[in-house]
Structures are given as C-alpha cells and as structure tokens.
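Trainee: Let me give you the structure first, and then I'll get to my questions.
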Amino acid sequence: MPSYWLMKSEPSTWSWDQQVAKGDAGEPWDGVRNHQAKNYMQEMKAGDKAFFYHSQKTREIVGIVEVIEEAKPDPTAEPGSPWECVTIKAIEPLKTPVTLQEIKAKDSLAEMVLVKNSRLSVQPVTAAEWKEICNLGGVKP
DNA sequence: GCCAACGTTGGC
DNA sequence: GCCAACGTTGGC
1027 MPSYWLMKSE PSTWSWDQQV AKGDAGEPWD GVRNHQAKNY MQEMKAGDKA
1077 FFYHSQKTRE IVGIVEVIEE AKPDPTAEPG SPWECVTIKA IEPLKTPVTL
1127 QEIKAKDSLA EMVLVKNSRL SVQPVTAAEW KEICNLGGVK P
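Heads up: the first sequence at position 101 corresponds to 1127 in the working numbering, and the numbers run straight through without jumps.
Right, here's the structure in full:
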C-alpha cells in the first residue's frame, strides 16, 4: 500500500505548470528547512502519491504527483546539514482543483493537516482523505 | 496589507 | 532550560 502526502508550494516559487514541464524526469523537492517536513519526506517510498497544493493566492490542490526517488541530501543545503529532499514527477492534474474553502467546508476533511497546521509544507494525507479529494477533483483515486 | 501561528535564536 | 524577541509563512 502506498502512502499519501501533500506537498505545498507557492506558485511564484515553484508551480504545478513548472512541475508538469519537467515530465517523467521529475524535480527534487529541495529547499525544505523544517524538521517535521523533512521527517515526512524520509518516510516516503518510491511510488507514493502526493497532492500538489498551491498556497498563497489560489489556495487549492491542483494535481497529483508521484515520488520517483526517495530522500537524499538536499543539494541546495550546506554539506553536512541534515536537510534532505525527495524527487517527484507530475502524474495528472485534477479536473477540478479542490480549494481550501471546499476542504474546510467538508466535515470529513476538516481534520486534515492542511487545515490544522497550515504552515507545514509536507504533510501526510489519510487514505480516506485521498479518496474524497480525488472524487471532488474528478479523478480516479 | 494585516495579523495569527509557528519555529528559531539568543540572553539569562 | 526557560522565555522573550524576532523572522517567516500563509490565510484572510
């Protein structure tokens, strides 16, 4: 069973479109400087799926990515520092982006880390949450 | 643009 | 080891 995650990015820094442009080569999710987020990335296995969330202006889940390379030292961090990153590739966009507003309005999704701890940039998602958001987004889980 | 929440730093 | 000060993030 793969695990599910949510990766958050400001579109002005790294957007879904940029991720899609990388194709199957994917892109290292570097630059994370938060221990909780790093720990979650270390738990990720190749083949795990994650939602790609745009923070700030639009505040919505826009697509689905897959982990293609497990955690390794972050090339943008100082050598010897503990920071690591995984590599992800875009799988498919949601037919309908799922907004933060919608998520907050659903009782079944109100417990998401996205709602409870909005500042955490890499988060776990439960299987039930994954299914529900895929349904809302118009894609197969 | 504002402010709340959170993490980090540094003085003691 | 505690806590105040500060910086950053992100929703509104």
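A virtual CB, placed ideally from N, CA and C, is assigned to each residue, including glycine.
Helix, strand or coil: which one does DSSP assign to Q1082?
Mentor: Residue 1082 sits at position 56 when you count from the first residue of the first sequence. Correct three-state label for Q1082: coil.
Trainee: Entirely within the region 1072-1141 and at least 3 residues each: give me those beta strand (DSSP E) ranges in chain order.
Mentor: 1075-1080, 1086-1099, 1110-1125
Trainee: Would you mind giving the Cβ-Cβ distance between V1088 and W1042, rounded to the nearest angstrom? I have them listed as a contact below 8 Å.
Mentor: For this step, residue 1088 is matched to residue 62 along the first sequence. For this step, residue 1042 is matched to residue 16 along the first sequence. So it is a contact: roughly 5 Å between Cβ atoms.
Trainee: With the cut-off set at 9 Å, would you say D1050 and K1115 are in Cβ contact?
Mentor: Here residue 1050 corresponds to residue number 24 of the first sequence, with the count starting at 1. Here residue 1115 corresponds to residue number 89 of the first sequence, with the count starting at 1. Yes. Within cutoff.
Trainee: Would you call G1164 buried or exposed, if buried means 16 or more other Cβ atoms sit within 10 Å of its Cβ?
Mentor: Counted from its first residue, the first sequence places residue 1164 at position 138. Answer is exposed; the Cβ neighbour count stays below 16.
Trainee: So what does P1150 bridge to, in DSSP terms?
Mentor: Stepping through the first sequence from its first residue, residue 1150 is reached at position 124. DSSP output for P1150 lists W1031 as bridge partner(s).
Trainee: With DSSP as the reference, label E1053 as helix, strand or coil.
Mentor: Residue numbering aside, residue 1053 sits at position 27 when the first sequence is read from its first letter. In the structure shown, E1053 sits in a strand (DSSP, three-state: E or B).
Trainee: Which residues in the same chain as A1097 place their Cβ atom closer than 6 Å to its Cβ, once the five residues preceding and following it in sequence are excluded?
Mentor: Numbered from its first residue, the first sequence carries residue 1097 at position 71. Cβ within range, chain order: M1067, Q1068, E1110, V1112.
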